[in-house]
Amino acid sequence: MRLASARFERLVLLNRPRKFSKTVRQQLKQTLIEILNMKIIKLLLLVSILASCTTENTRNIDSVIESTFEMKTISKGNNHPKIDISQDSLFIFLTALHFDIPINEITSKLNWDKEETDKNIKSLIENNLLVKNENKYTPNLGIFTIERGNRLIEKTSTIANEIADSLIGKISTVKKMHHEMSVSRRYEFQELSFFYLSNIILDMAQINNVEKEFLKKERPLRNGVRYYSAILEKDSSEITEPFRLYGNQGLWRSDSTYIGVYGNTRTEANIGWNSYENKNVHYFSKSDLDFIVNKMPEIFLPTLLNILERNKPYLLSVYKTLEFENETSFEEFFIWWYHFIYSETTDILIRKGQISKPESGLFYYELKMK
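If you want the numbering used here, it's the 1-based position in the sequence shown plus 1003.
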């Protein structure tokens, strides 16, 4: 009995709770808190991922039809689309497919019979805007719904701020070039800052350089012509263009003259925007044109390319995360995302007082080409 009792006492001593010092107890407490926090963070990330995966899966065909969409293309020379997807509800058909709405529901709502359905599907496939994998039809262009576009805007902030800060460092060089141009005798730099820093250095005169030296691929071939295409959803309550994107548009041209407008209020709500009569049209001479088209974009091009190259892994990850890879090439996705990037960069420069934006949101200009 004594032997058993002694053995029991030893077991009790070995298994009784140990007393830790105050420092050790605090360290254990902190470790437990960190473990719990990590689990909470992982749970929140999982919830966020699940939510992002289901964000766009709530549309039905009625919701798609009631929404407002704009069709956009980027083409050059004679590479004009041979199909107009704004006609015959083709853009609705493509957008509804994006939301995985069954074809029979779409065609029934659009009042397409079998003959019209087959004709439209064939036309979209011929123009490389629709592909068929096994028994599923998938759009083959960028579709930027409001939910998708807003998530893209969120992912634009960091790179847009980097571009803006870098461009601010080049403004003194841009100003110096401005004073070498004949236009400087008519306008102060600040009045042209929106045109120079946004349209010329980031958009119209630069985007071809981005394609050639960053993307390094030709535009998608669609029925014998090459162009980028996209469908952008618009908030109908906004006077601005979809996602407040800035863009350039020609209003009139001849062999010797080009008149255009740049901004983000080229909308039906802004009545008369597409008429340059009685507008403040800024005149640039033939000698100014060389500065605008060639020399000014070169001031910032190496820096811009460096930023894009360093961020390419991130750009590719966003392309995959938002599931654009299921519908279009990285190059087509990026060229539209670049519009988001330079538009956000423009707004940052406006907020920092580096750009003076016209009150109307539009800058009218005339370029002398001969």
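Beta carbons are placed, not taken as given, at the ideal position from N, Cα and C, and that holds for glycine.
Legend entry - Rounded Cβ spacing between glutamate 1236 and threonine 1148 (contact assumed at less than 8 Å): Indeed they touch by this definition, with Cβ atoms about 5 Å apart.
Inset, instruction - Could you tell me the boundaries of the alpha helix (DSSP H) in which lysine 1122 lies? - result: Segment 1117-1129, the alpha helix (DSSP H) holding lysine 1122.
Legend entry - DSSP three-state assignment for proline 1142, whether helix, strand or coil: In the displayed model, proline 1142 falls within a strand according to three-state DSSP.
Legend entry - Residue span of the alpha helix (DSSP H) that contains serine 1196, given as start and end: That run of the alpha helix (DSSP H) goes 1192-1196.
Legend entry - Candidates Asn1212, Gln1209, Arg1225, Tyr1265, of which the one nearest asparagine 1082 by Cα: Cα-wise, what sits closest to asparagine 1082 is Arg1225.
Legend entry - Whole-angstrom distance between isoleucine 1295 and serine 1185, CA atom to CA atom: Pairing serine 1185 with isoleucine 1295, the inter-Cα distance amounts to about 12 Å.
Legend entry - Of the listed residues Tyr1249, His1285, Lys1282, nearest to threonine 1270 (C-alpha basis): Here the closest residue by C-alpha is Tyr1249.
Inset, instruction - State yes or no: is the C-beta of tyrosine 1231 within less than 9 Å of the C-beta of serine 1078? - result: Contact: yes.
Legend entry - Cα-Cα separation, glutamate 1194 to tyrosine 1261: Whole-angstrom Cα-Cα distance: 20 Å.
Legend entry - Distance between leucine 1097 and isoleucine 1174 (C-alpha atoms, nearest Å): Their Cα atoms are separated by approximately 43 Å.
Legend entry - Backbone secondary structure at tryptophan 1255 - three-state DSSP: Tryptophan 1255 falls in the strand class under three-state DSSP.
Inset, instruction - Starting from glutamate 1214, trace the beta strand (DSSP E) both ways and give me its first and last residue. - result: Run containing glutamate 1214: none; DSSP gives neither H nor E here.
Legend entry - Alpha-carbon to alpha-carbon, isoleucine 1109 and glutamine 1209: Using only the alpha carbons, I get a separation of about 40 Å.
Inset, instruction - Could you tell me the distance, in whole angstroms, from the CA atom of alanine 1272 to the CA atom of glutamine 1033? - result: Cα to Cα, the separation comes out at about 58 Å.
Inset, instruction - State buried or exposed for lysine 1323, treating a residue as buried only when at least 16 other CB atoms are found within 10 Å of its CB. - result: That one is exposed.
Inset, instruction - Measure from the alpha carbon of asparagine 955 to the alpha carbon of each residue in Asn1143, Thr1061, Lys1355, then state which is nearest. - result: Residue numbering for the chain in the displayed model covers 1004 to 1373; residue 955 lies beyond these limits and cannot be assessed.
Legend entry - leucine 1205 versus Pro1316, Pro1105, Leu1307, residue with shortest Cα-Cα distance: The residue with the shortest Cα to Cα distance from leucine 1205 is Leu1307.
Inset, instruction - Following the continuous alpha helix (DSSP H) through methionine 1180, name the residue where it begins and the one where it ends. - result: According to the DSSP assignment, methionine 1180 belongs to the alpha helix (DSSP H) that extends over 1174-1183.
Inset, instruction - Take the Cβ of lysine 1075 as the centre, count every other Cβ of all protein chains shown within 10 Å, and call the residue buried at 16 or more, exposed below. - result: Buried, since its Cβ has 16 or more Cβ neighbours within 10 Å.
Inset, instruction - Rank Thr1061, Phe1072, Leu1292 by C-alpha distance to the C-alpha of glutamate 1241 and give the top, closest one. - result: The candidate whose alpha carbon is nearest that of glutamate 1241 is Phe1072.
Legend entry - Selected residue, minimal CA-CA separation from arginine 1154, among Leu1365, Ser1239, Glu1326: Relative to the Cα of arginine 1154, the nearest Cα in the group Leu1365, Ser1239, Glu1326 belongs to Glu1326.
Inset, instruction - Within its chain, find whatever has a CB closer than 8 Å to the CB of isoleucine 1094; leave out the 5 residues flanking it on each side and keep chain order. - result: Sequence inspection shows phenylalanine at residue 1094; the isoleucine mentioned does not correspond to that position. Counting only Cβ-Cβ distances below 8 Å, and skipping sequence neighbours, we find Phe1072, Met1074, Ile1088, Ile1234.
Inset, instruction - Count the other CB atoms, across all protein chains shown, that sit within 10 Å of the CB of aspartate 1182; report buried if there are 16 or more and exposed otherwise. - result: Aspartate is not the amino acid found at residue 1182; the sequence shown has histidine there. Classification for histidine 1182: exposed.
Legend entry - Own chain partners of asparagine 1251 with C-beta closer than 7 Å, once the 5 adjacent residues on each side are dropped: Hits under 7 Å: Asn1202, Asp1206, Met1207, Gly1263, Tyr1265.
Inset, instruction - Pick out whichever of Gly1152, Ile1106, Pro1316, Pro1084 has its Cα sitting closest to the Cα of leucine 1129. - result: The identity of residue 1129 in the sequence shown is glutamate, whereas the question assumes leucine. Glutamate 1129 has its Cα closest to that of Pro1084, out of Gly1152, Ile1106, Pro1316, Pro1084.
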